[in-house]
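Going line by line, the protein sequences match chains A and B.
According to our numbering, the first sequence is numbered sequentially starting from 3.
According to our numbering, the second sequence is numbered sequentially starting from 3.
Note that CB positions come from ideal geometry on N, CA and C, so glycine has one too.
Number of protein chains: 2
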Amino acid sequence: MKYIDKLRNSGLRPTKQRLQICEVLFNTEKTFHFTINELEQKIKDKIDNKISLATVYNTVHAFEKKGYLKQIPINSNQTYFDTNVTDHHHFYDLKNEKLIDLENSDVGPINIKRKINGKKIKSVEVLIKLED
Amino acid sequence: MKYIDKLRNSGLRPTKQRLQICEVLFNTEKTFHFTINELEQKIKDKIDNKISLATVYNTVHAFEKKGYLKQIPINSNQTYFDTNVTDHHHFYDLKNEKLIDLENSDVGPINIKRKINGKKIKSVEVLIKLED
DNA sequence: CACTTGTTTAGAATCATTATAAACAAGACT
DNA sequence: AGTCTTGTTTATAATGATTCTAAACAAGTG
Ligand SMILES: [Mn+2]
Ligand SMILES: [Mn+2]
Ligand SMILES: [Zn+2]
Ligand SMILES: [Zn+2]
């Protein structure tokens, strides 16, 4: 029931697949980062039926558009997503290819002193690459 | 002659192709951002002979490894590179898919208040997404 | 139940990037 | 000069994440 209203209120039909993906993504203690392939594996581990890969892509993009997921700007052969949709930043461990959350308070205020005519700021994200 | 020593000192043989790519990348007034496809086009416009796409990829990766190019962390269907290898940040215009340089002074000092055990910071990059 | 419209699905297509392996060229050393 | 080694280029194939297609299906409405 938990996610049915959330989906309906977003104009998304609460299908079995979407509800199951909601469980995997949002019914957790902590937020986490994932690629589509990692999510697919998590889904397989957690549910009995099969969800097609196309549906996983469709759903992740639908949720992203609605603001329930964020894409993390990083160069990898796969796209990383984040269930933490608050404003925050990331460490990226180059060796393990793992992301670590950094709260805004860990970075301090970022004061952009330059403006681009006719454009407004949608997001400000800091990526800190880590090496050994 | 300008780039022959640069390449030799990096342990890269100064081949005709690499020297020509150096001309396109570094013999310019201003630094710039590019994708491999954009670079390929620039090369075609500027030189007579043909350089294979594989060589363009090889060269860009070789130059990146040597620190003559930087990859810009962004989610796009193509990888963006930067001939500006100083520490700096970027606006990303979501509509035009164009990058704009932001100097460090435009962003102010970024003070990372958190450490990861056994890891050191390799780079700190701010990406500011712009919308209309 | 009937109808509409949104969703799921398997599979094909796309396309940036990487791998392959043969031809070629740079540099070193006679 | 010629010979040798090793790095580089090249056309082409392979890879693999992502997107597209269009048919089957399911949610919601009345
Ligand atoms: Mn990507
Ligand atoms: Mn990429
Ligand atoms: Zn995060
Ligand atoms: Zn730049």
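Between the segment 43–63 of chain A and the segment 16–26 of chain A, the count of Cβ pairs shorter than 8 Å is three or higher; the stretches touch. It is roughly 25 Å from the alpha-carbon of Q43 (chain A) to the alpha-carbon of T88 (chain A). V62 (chain B) is outside the set of residues whose beta carbon lies under 8 Å from a beta carbon in chain A. For I114 (chain B), the nearest beta carbon of chain A is closer than 8 Å to its own beta carbon. For H63 (chain B), the Cβ stays outside the 7 Å cut-off from all heavy atoms of ligand 4.
In this structure, the C-beta of L96 (chain A) stays at least 7 Å away from each heavy atom of ligand 3.
Shortest gap from the CB of D108 (chain B) to any heavy atom of ligand 4: 7 Å or more. Take T33 (chain A), set aside five residues on each side of it, and the residues of its chain with a beta-carbon closer than 6 Å to its own are T85, N86, in chain order. Counting only heavy atoms of ligand 4, the residues whose C-beta sits closer than 5 Å to one of them are, along the chain, B:D84, B:N86, B:D103. By the neighbour-count criterion, in which 16 or more other beta carbons inside 10 Å mark a residue as buried, E99 (chain A) falls on the exposed side.
Chain-ordered, the chain B residues with CB closer than 7 Å to the CB of F93 (chain A) read I118. In the pairwise beta carbon analysis, the segment 107–119 of chain B is classified as touching the segment 107–123 of chain A: at least three pairs are separated by under 8 Å.
Residue-level contact check: K124 (chain B) touches chain A, since one or more beta carbons of chain A fall below 8 Å from its beta carbon.
Not one heavy atom of ligand 3 sits closer than 7 Å to the Cβ of H92 (chain B). In terms of Cα proximity to D95 (chain A), the closest of B:G120, B:S78, B:F36, B:L132 is B:G120.
Between the alpha carbons of N106 (chain A) and K72 (chain A) lies a gap of roughly 16 Å.
A direct Cα-to-Cα measurement between F83 (chain B) and I6 (chain A) gives close to 43 Å.
Remark: C-beta atoms of I130 (chain A) and V126 (chain B) approach each other more closely than 8 Å. Rounded to whole angstroms, Y59 (chain B) and V128 (chain A) show a C-alpha spacing of 27 Å.
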